[in-house]
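From first to last, the protein sequence lines are chains U and W.
For the first sequence, our numbering gives the first residue as 118, with consecutive numbering after it.
For the second sequence, our numbering gives the first residue as 1234, with consecutive numbering after it.
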Amino acid sequence: MTDGRPNPDALLDSLRREEAARRRGRLKVFLGMCPGVGKTYAMLEAAHRELNSGRDLVAGYVETHGRRETDALAAGLPKIQPRRFEHRGLTLTEFDLDATLARHPSLALVDELAHTNAPGARHPKRWQDVQELLDAGIDVLTTLNVQHVESLAGTVAQVTGAEIRETVPDGVLDDAVLELVDLPPSELIRRLHEGRVYVPERAEAAAQNFFRVGNLTALRELALRLVAEHVGVDTQQFRRIQTGAGPWKTAHRLLVAVGPGPFSEPLIRWTRRMADGLQCRWIAVHVGHPHPLSEAAQTQLTRNLTTARELGAEVVTTTDEDLVHGLIRVARDQNATEIIFGKPDAAGWIRGWRAGLALRRLVRESGDIDLHVVRSEKVGSAPSFQAAWPVFQSGSQQYLWVIGVMTATGVANLGIESLVGPRVPGLVFLLAVVVLALFVGRGPVLLAGALGALGWNYFFLPPRFTFVIERPDDAVLFGTHFVVAVVLGQLVARIRAQHQAERAREARTTSLYKLTRDLAEASSRDEVVWQLVAQVDHVFHAGVAVALPAGGQLAAHPDGTLTLTEKELSVADWAFRQGRAAGRFTDNLPGADALHLPLASERRIFGVLVVAVPDRTLPVAQRDLLEAFARQAALVLERVELRAVAEQARLLAESERLGRVLLNSISHELRTPLAASTSAASALAEADRSSPEQRHALIGEIQEANARLNRVVGNLLDVARLDSGNVRPRFDWHDACDLVQTTVRELGPDLAAHPLKLMVPTQPLLVRIDFSLLQHALGNVLLNAARHTPPGTSIEVQAALTDGSLLLSVGDRGPGLSAEVLPRIFDRFFRGPGTAVGSGLGLTIAKGFVEAQGGSITAINRPGGGALFTLRLPQTDKPPAIDPSL
Amino acid sequence: MSPDAGLATPIPTVLVIDDEPQIRRLLRVTLEANGYKVLDAATGREGIAETAQRQPDVVLLDLGLPDLEGIDVVRRIREWSRVPVIILSVRNSEDDKVSALDAGADDYVTKPFHSGELLARLRAALRHSRPDAAEAVVRAGEVEIDLARRVVHKCGQEVKLTPIEYGLLRLLSTHAGKVLTHRQLLAGVWGEQAIGQTHYLRVHIAHLREKLEADPGRPELILTEPAIGYRLGTGD
């Protein structure tokens, strides 16, 4: 496989990256070792070069600190006005992201990448604003000091002693071009003394301390190294394509343990660098504990896992009572060859001791998996976080229960002791501890053990009412009791915790399975939304809404249980456009009240799932489940959409088929009389060869052909009228008898071959109808009867007012309607088998015209043979009274 | 062949207003063969001008003209002339026909038409246009209506009619062979206030048929023109 040819996968990968980069804007960072090296100036100079070459650029935000040369340079650039925020009486000016996005230049200048935005801005950090610009395809020029790079912040803090508050994740720089703005430290110090470096007045003393040659040299080295390593990553990618080495050249597979602490992120980056070096896959694993995490820890964990995912790791989360056991289990499942584990820091001896213990077990149990223990330093100024493995989490209620039960046991023991001596109470205490362990947490069990042991000793073991133990065998019993109680408590608690974890995992699997199953049955978008809302509501007890695109913007689906405010809708809109999670518990628009997850499949984004979780935290497992829900729903939405497309294609094929039938039928119906008429006319033209009788016959042919043509065209026009919805009945009072008589009279010659029997009342039958439409309908039914019965077959026409409806019926004693014909007789272009005449439209038109005036038409076989068509026209109004004097 | 005998002018002139040359050619052949003199016009304006200059005895007007609505042509001609106007139109345009008839057109023929039908309409129109045309006795089939004496005979027997029935019959008779719209009949018999009360018309027409038709189940005397009105058949 390593024959030196470029690997197609690698090429594809690089193409994809290039394509993504083409769609995404390019980021150029002017990197300096510290303030004052001239980053902004360099950026502005670059901007002017771009401007001169005709680039459409704007200065989104430029911080000149009032320096004259910089001001002059900045003045020559088109600007976006900064946005103003009112915050605690102060007016803060910030980069206006929305205005820049709306302006959509080809290139934007945004100074100070590490800046923290004012509260109320869309993102907490400016680098997130920049990310959005890049996502929108806008190139960005920005500036950054090396101390603000997240992975270096710790080192900088160590070197300079200055605390670094604003940091930029390393990932932001991954695809960026870094341009080092370098200045020898001595030169910088000279500039500082000349007052050409901006230093806030209150920080002057600190600045004096900061700008020392030693510090500056160290910072400069860091900056140089960063740029050099960055080049290294680029080269590596290039080399990978060139040599054709597959993406996973080696069988290595790295697995990094991720916790809810700030120590994990450097660990993740370390693993990524190593995976890059080894060119292998890597997995980030979080082993969750059944006990819930604090809000801060939860947020940090989510961030860590997101970072890992963004850096290319496969992320696996699992739940296990025992960290080491969980890690090894996942490592074996995933065939990991190396585990990367953070080196325990010295902060807090308990934590250190526990981590040490875990490390020792990991060394012992990892078997053939290699272990890397990496010094993990805390970066930035992350909030202090809660222990990942809190020991005592049980409520005070449980402790009170334990005290109560143990006291009661003690009282009972007083009675027992008087009967069987002082040893038995020890066993009874132990029994109480065991029973308690079934119901309460680990802490309370330990308390119960201690209370039991001490109570036994104090109240029962001689000498009583002292903690002194006289006899050596009692001492052994006491010690054994204590140890047994503690071990028992631990064991029971662990089993229960594992059980709980198991249950939680099972609940997740079950709900996911249930959603998948229920969604599989969904056949429309509405059903998918309904199922999703119902399931999320059921599992999370949270307000749910689903925002779907409608007419160019997102709108909440009516099935949601959560009403989306303007603000939430705008967050949903962001999540939809960016295809990233937003809102609460995320880094994007965290000020929102709800979590917004895009419903994204491989192909596209279908909408946004909005969940308002009532709790203050959202455990990783729950978040994963929610994301799985969203993914699942997106897949089904995609399926529904594809099915709709297929259905549309089917309908199109059907209408094409109908179209062909129409063409065949119509061309036949039009051509036959045309042919007859044309040949008869040409025969007439040679009149001298034919007798007067022959001429007469020819003229008769022409007339018949033309009458037929006239009828076909009339039918087609009627169908077109029906199709265009242009049939608007004009109701008026008419005499139904007159209707029947006029219809029969006007059809005259067409009915000549059939004796007609008209059964109409002798008195005028006033009904409210559209005379013309109904005459047409009745006429078509009559023609149909005349055409499909042998000549001489009588046709009966009846008009009557029955049950508040006008009934017009046409009956014959012909062959009747076969079972094949009956259900389709009113279908368009349907012609009975063996029927050569007719377009198959007459009865369709009759039906359409009758229905247009609120009536109905039926066809049945008459008892005794023949067909019977009945037109029923409901009559709601009574005929108006006739004043006899008029 | 000549048109009805005893016409005021020996050769009546017909003006054909139709934008289709083929229809104009065909009508010219048909009408000239039947003893008419034929003028033609391809547009509404041209037709109005021809009517004014050449004073035809009857006008055949197509409703689908390119420049003017048919009804406007009728109105303009009616501003200064009482020349009979017969409408030529296609099926399904009942509304246009009714409004043209109410605007003053005398009759209509639906395309495609038989030449016999057209000639009958022409004859009826010409008959009524003559100032001395008022006949005292109208005959239609077996029925004889003596307008001067206000009596009606069927097969020689006098038929008793109510005043309304007689009024209806009189109006139809004086326009024998011509169509009368619902509106014209209601206004002429009951007065303007009755327009729209078509149910009166239905009931009285049914009664008239009952009294006068040879076979009331198959009326041949009083003919229904669907959605337009009625016509007294003259057996033409």
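Note that CB positions come from ideal geometry on N, CA and C, so glycine has one too.
- In its chain, beyond the 5 residues on either side, 156, 159, 160, 260, 296, 298 have a beta carbon closer than 6 Å to the beta carbon of residue 147(U).
- When the beta-carbon positions are compared, residue 911(U) and residue 958(U) stay at least 9 Å from each other.
- Under DSSP, residue 403(U) shares a beta bridge with 434(U).
- Taking 8 Å as the upper bound for CB-CB distance, residue 586(U) and residue 595(U) are in contact here, some 6 Å apart.
- Residue 1462(W) is not a Cβ neighbour of residue 1401(W), given a cutoff of 9 Å.
- The beta carbon of residue 1412(W) sits closer than 8 Å to those of 1334, 1340, 1341, 1458, 1461, 1462, 1463, 1464, all from its chain and outside the five residues before and after it, given in chain order.
- Closer than 9 Å to the CB of residue 1438(W) there is at least one CB belonging to chain U.
- Within the same chain, 903, 908, 909 come within 8 Å of residue 870(U) by CB-CB distance, once the 5 residues on both sides are set aside.
- Put simply, of 553(U), 746(U), 612(U), 967(U) the residue whose alpha carbon is nearest the alpha carbon of residue 627(U) is 746(U).
- The stretch 764-778 of chain U makes no contact with the stretch 802-810 of chain U; the number of CB pairs closer than 8 Å stays below 3.
- Listed along the chain, the chain W residues whose CB falls inside 9 Å of the CB of residue 889(U) are 1325, 1327, 1459, 1460.
- Annotation: residue 1442(W) to residue 936(U) spans about 44 Å, alpha carbon to alpha carbon.
- Around the C-beta of residue 196(U), fewer than 16 other C-beta atoms lie within 10 Å, and the residue is accordingly described as exposed.
- In terms of CA proximity to residue 657(U), 729(U) leads the group 729(U), 548(U), 690(U).
- When Cβ-Cβ separations below 9 Å define contact, residue 1263(W) makes no contact with chain U.
- The C-beta of residue 863(U) comes closer than 9 Å to at least one C-beta of chain W.
- The three-state secondary structure of residue 970(U), taken from DSSP, is coil.
- The count of Cβ pairs closer than 8 Å, one atom from the stretch 1385-1403 of chain W and one from the stretch 1297-1305 of chain W, stays below three, leaving the stretches out of contact.
- In the three-state reduction of the DSSP assignment, residue 693(U) falls in the helix class, which pools H, G and I.
- For residue 396(U), there is no enclosing beta strand (DSSP E), as DSSP marks it with neither H nor E.
- Each of 945(U), 975(U), 971(U) was checked against the Cα of residue 962(U), and the nearest Cα belongs to 945(U).
- Not a single CB atom of chain W sits nearer than 9 Å to the CB of residue 674(U).
- Here the C-alpha atom of residue 1381(W) lies approximately 37 Å from the C-alpha atom of residue 1265(W).
- Taking C-beta separations shorter than 8 Å and ignoring five residues to either side along the sequence, the partners of residue 893(U) in its chain run 835, 962, 963, 966, following chain order.
- Interface annotation, residue 999(U): in contact with chain W, CB-CB separation under 9 Å.
- Just measuring C-alpha positions, the residue of 200(U), 216(U), 215(U), 217(U) sitting nearest residue 209(U) is 200(U).
- Three or more Cβ pairs drawn from the stretch 978-992 of chain U and the stretch 926-934 of chain U lie within less than 8 Å of each other, which places the two stretches in contact.
- Going by C-alpha positions, residue 617(U) is about 10 Å away from residue 406(U).
- In the three-state reduction of the DSSP assignment, residue 225(U) falls in the strand class.
- Assignment of residue 922(U) by DSSP, reduced to helix, strand and coil, places it in the strand class.
- Residue environment for residue 265(U): buried (at least 16 other C-beta atoms within 10 angstroms of its C-beta).
- In the DSSP assignment, residue 830(U) falls within the unbroken alpha helix (DSSP H) covering 809-840.
- For residue 411(U), the secondary structure class from DSSP, reduced to helix, strand or coil, is coil.
- Within chain U, the C-beta atoms nearer than 8 Å to that of residue 1432(W) come from 850, 883, 996, 997, 999, in chain order.
- Between residue 1245(W) and residue 1273(W), the gap from beta carbon to beta carbon reaches 9 Å or more.
- Legend: CB atoms of the stretch 1438-1457 of chain W lying less than 9 Å from CB atoms of chain U belong to residues 1438, 1439, 1440, 1442, 1443, 1449, 1450, 1451, 1452, 1453, 1456, 1457.
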